[in-house]
Structure formats: C-alpha cells, structure tokens
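Sequential numbering from 7 applies to the sequence shown in our numbering. By construction, the Cβ of each residue, glycine as well, lies at the ideal position given by its N, Cα and C atoms. These figures come from a predicted structure and were not determined experimentally.
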Amino acid sequence: MENKVILTGDRPTGRLHIGHYFGSLINRVKLQNEYETYVEIADVQALTDNFNNPEKVRKNVRQVVLDYLSVGIDPSKATIFIQSLIPEIAELTVFYSNLVTIARLERNPTVKTEIAQKKELFGESVTYGFLGYPVSQAADITAFGASLIPVGEDQLPLIEQCREIVRKFNNIYGDVLIEPEAFLSSSKRVKGLDGNDKMGKSLGNAIYLSDSEEEITKKVMSAVTDPNRITKDTKGNPEVCMVAYYHNLFTGKDEYEKVLEECRNGERGCVACKKELSSNIIEFLRPMREKRRYYEERPEEVDRILIEGTEKARIKAKETMQKVKKAMKLDYYL
Ligand code: SF4
Numbered sequence: 007m008e009n010k011v012i013l014t015g016d017r018p019t020g021r022l023h024i025g026h027y028f029g030s031l032i033n034r035v036k037l038q039n040e041y042e043t044y045v046e047i048a049d050v051q052a053l054t055d056n057f058n059n060p061e062k063v064r065k066n067v068r069q070v071v072l073d074y075l076s077v078g079i080d081p082s083k084a085t086i087f088i089q090s091l092i093p094e095i096a097e098l099t100v101f102y103s104n105l106v107t108i109a110r111l112e113r114n115p116t117v118k119t120e121i122a123q124k125k126e127l128f129g130e131s132v133t134y135g136f137l138g139y140p141v142s143q144a145a146d147i148t149a150f151g152a153s154l155i156p157v158g159e160d161q162l163p164l165i166e167q168c169r170e171i172v173r174k175f176n177n178i179y180g181d182v183l184i185e186p187e188a189f190l191s192s193s194k195r196v197k198g199l200d201g202n203d204k205m206g207k208s209l210g211n212a213i214y215l216s217d218s219e220e221e222i223t224k225k226v227m228s229a230v231t232d233p234n235r236i237t238k239d240t241k242g243n244p245e246v247c248m249v250a251y252y253h254n255l256f257t258g259k260d261e262y263e264k265v266l267e268e269c270r271n272g273e274r275g276c277v278a279c280k281k282e283l284s285s286n287i288i289e290f291l292r293p294m295r296e297k298r299r300y301y302e303e304r305p306e307e308v309d310r311i312l313i314e315g316t317e318k319a320r321i322k323a324k325e326t327m328q329k330v331k332k333a334m335k336l337d338y339y340l
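Listed below in structure tokens is the structure:
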C-alpha cells in the first residue's frame with residue numbers, strides 16, 4: 007500500500023458496549039500498528055440527529071475517549087481528535103455539497119433506513135443536515151487522505167457515496183482527493199441480551215465496557231434463555247439462549263462445548279450457567295475497567311491526548327484544504 011491511512015470513529019451519543027468492542031474496537035487496536043490511523047469523535051455528526059440535546063453529545067465525547075483508551079487505542083499510534091475542532095471538515099462539506107444531488111442522497115440505502123427509524127424526531131420531513139451527513143462523512147475521510155475505511159456491510163453505501171464525490175471532484179477540479187476503499191471487517195455483530203440482532207443503548211439490551219461488576223451480573227441474570235426449560239433436568243436448546251451465545255464470546259472453547267452439552271442433556275441449571283458467564287465477562291473486562299479508572303482519575307492526561315490529537319489532525323486537514331482551494335481557484339491571498 008502506497009498510502010496507508012485509515013479513518014475510523016464513533017458518534018459520541020453513549021458509552022461503548024461489547025458490540026462495539028467485537029464489531030470494531032478490537033480491529034482498530036490491531037490496525038493502529040499497521041496504518042497511520044485517525045480516530046474521529048464525530049460530535050458534529052452526532053448533532054445531526056441530536057441537535058436538540060447538545061449536553062448528551064458533549065458528555066459522551068469524554069465517555070467515548072475513555073472507552074477508546076481503556077480498550078487499548080494508543081494515542082502514540084493513533085490520532086484521536088474531535089470533529090468539531092477541525093473547521094476544514096465543515097468547509098469541505100460545503101464544497102462537496104455541490105457535487106451531490108438531493109435525489110442521490112435520498113436513494114442512499116443506509117440513510118433511507120435511518121430516516122425511517124427516526125420518524126419520531128424528523129416527522130414527515132428530514133433535516134438538510136441529516137440527509138447530508140454522507141457528504142460530511144466524505145469530508146471527514148478526504149480531509150485526512152484516508153484510503154481505507156473499516157466498515158460493516160451496512161455502511162458500504164456511505165463509502166460508495168464518498169467515492170462518487172471524490173471522482174466528481176477530481177474530474178472537475180483535478181486530481182487532488184484520494185478515493186477511499188471500504189475495508190470490510192471480519193468482526194461480527196453482537197446480538198443484544200434480549201436476542202435482538204442489534205445491541206444498542208436505545209434498546210436497553212447492552213453490556214457496556216464500563217459497566218460495574220454488579221451491573222454486569224444483573225444484566226446477565228436478565229438475559230433471554232430457552233423458555234422451555236422448566237427445571238434443571240429439562241433438556242435445553244442452547245441455540246435459542248443468549249447466555250449460550252455469550253458463553254461463545256467470553257468462555258474458552260472447551261468450556262463452551264461443555265455448556266452446550268450439559269444444557270442439551272439437562273445437566274446444567276440456568277442460574278449457575280448465568281453466574282459462570284457473568285464472572286467470565288467480568289474477568290474479560292477487568293483490564294479495560296482498570297485502564298479506564300486510570301484515565302478517569304487523570305482528566306488532564308485525557309485533555310492532553312485530545313488536544314494533541316486534534317492539533318495533529320488539523321495540520322493534515324489544513325494541508326488538504328490548501329490543495330482543495332488551489333484546485334477550486336479559491337486560493338485568494340494564500
Ligand atoms: Fe441457556 Fe445455560 Fe440455561 Fe442452557 S443452561 S438454557 S445455555 S442458561
């Protein structure tokens with residue numbers, strides 16, 4: 007790879023959970039060793055559907071950065087920055103908005119699905135900002151010259167939209183922007199405690215990386231199990247049990263096989279099975295909780311990481327902006 011820059015990030019709308027961990031964070035911790043990595047805390051994007059709740063976004067910027075540091079995103083390898091502190095992203099968004107039609111944005115399958123899910127917020131007519139967030143994402147990606155974007159399948163249309171904008175820009179103004187490629191991650195989506203395909207804050211079915219031991223135990227105790235099991239001797243079906251599903255993530259292979267076998271043979275009680283799982287999850291998350299506590303107790307260190315990361319990101323974005331303005335004949339007095 008000639009250009010080895012990747013951009014990842016999260017919208018700061020809540021603490022990160024084990025779905026984020028297995029779905030993307032674990033991958034980012036590996037990628038930071040191989041690529042020049044930018045990690046964006048996308049507060050501006052979070053406001054597109056939380057514009058009426060800025061406190062929530064502000065508060066969660068801190069939570070997300072603590073989650074990043076706790077899982078091992080290393081600020082000496084990855085540049086962690088706050089989106090709203092890079093005004094070049096907003097500027098690029100304005101320039102790119104000429105290169106995409108409303109109809110094309112409305113056809114974007116990812117945006118279409120999200121708009122349908124946000125009927126309560128938007129009513130019959132979506133905001134210009136939300137409809138246009140893929141344009142802002144194209145600005146995020148190109149500002150740092152990112153060539154690889156780790157995404158799940160559901161986000162592929164956003165990368166395609168960005169690629170179209172880049173091609174159009176380069177066609178009209180000259181070869182300035184790097185066309186990114188999606189980097190499909192092999193990581194899996196983790197189901198919620200209630201069996202829902204998605205784990206999420208709004209669904210109330212998540213285990214957060216920062217949950218206390220008591221919270222984890224309480225949540226695991228409420229997880230959906232095989233409803234047909236009445237007594238410990240009833241033969242169970244672990245295929246329909248979320249406890250078995252999580253054992254697969256947090257329990258060693260041999261132990262996991264034992265869980266399945268004992269459940270099927272009616273040799274395992276659900277309460278004991280849940281207790282075993284919660285203790286495995288607690289142990290798995292312990293190093294993350296400890297690291298998080300270290301940074302929680304040193305807020306000035308977290309500030310320094312964010313300030314330095316944002317300064318570094320801004321330098322890169324300014325370089326891109328100079329090239330963009332030159333190509334667009336907007337380089338007055340520069
Ligand atoms: Fe689920 Fe364990 Fe109960 Fe089987 S024994 S139904 S795997 S909780």
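- For G275, the shortest separation between its Cβ and any heavy atom of ligand 1 lies below 8 Å.
- The alpha-carbon of C168 is positioned some 39 Å away from that of H253.
- Separation of the CB atoms of V230 and C279 is rounded to 13 Å, and the pair is thereby denied contact status at 8 Å.
- Collapsing the DSSP output to three states places D337 in coil.
- Beta-bridge pairing by DSSP links G15 to E46.
- A distance below 8 Å between beta-carbons, with the five flanking residues on each side excluded, links H26 to the following residues of its chain, in chain order: D16, D73, L215.
- Considering only E303, F189, M205, Y338, the residue with the shortest C-alpha distance to N33 is F189.
- Pairing M327 with E97 gives a Cβ-Cβ distance under 9 Å.
- Under DSSP, the beta-bridge partners assigned to A84 are T43.
- Beyond the five residues adjoining it in sequence on each side, T240 comes within less than 8 Å, by CB distance, of N234, G272 in the same chain, given in chain order.
- In the DSSP assignment, H23 is bridged to Y214.
- Its Cα nearest to that of N286, the residue I222 stands out among V106, T116, I222.
- Using a Cβ distance threshold of 9 Å, N243 and C269 count as a contacting pair.
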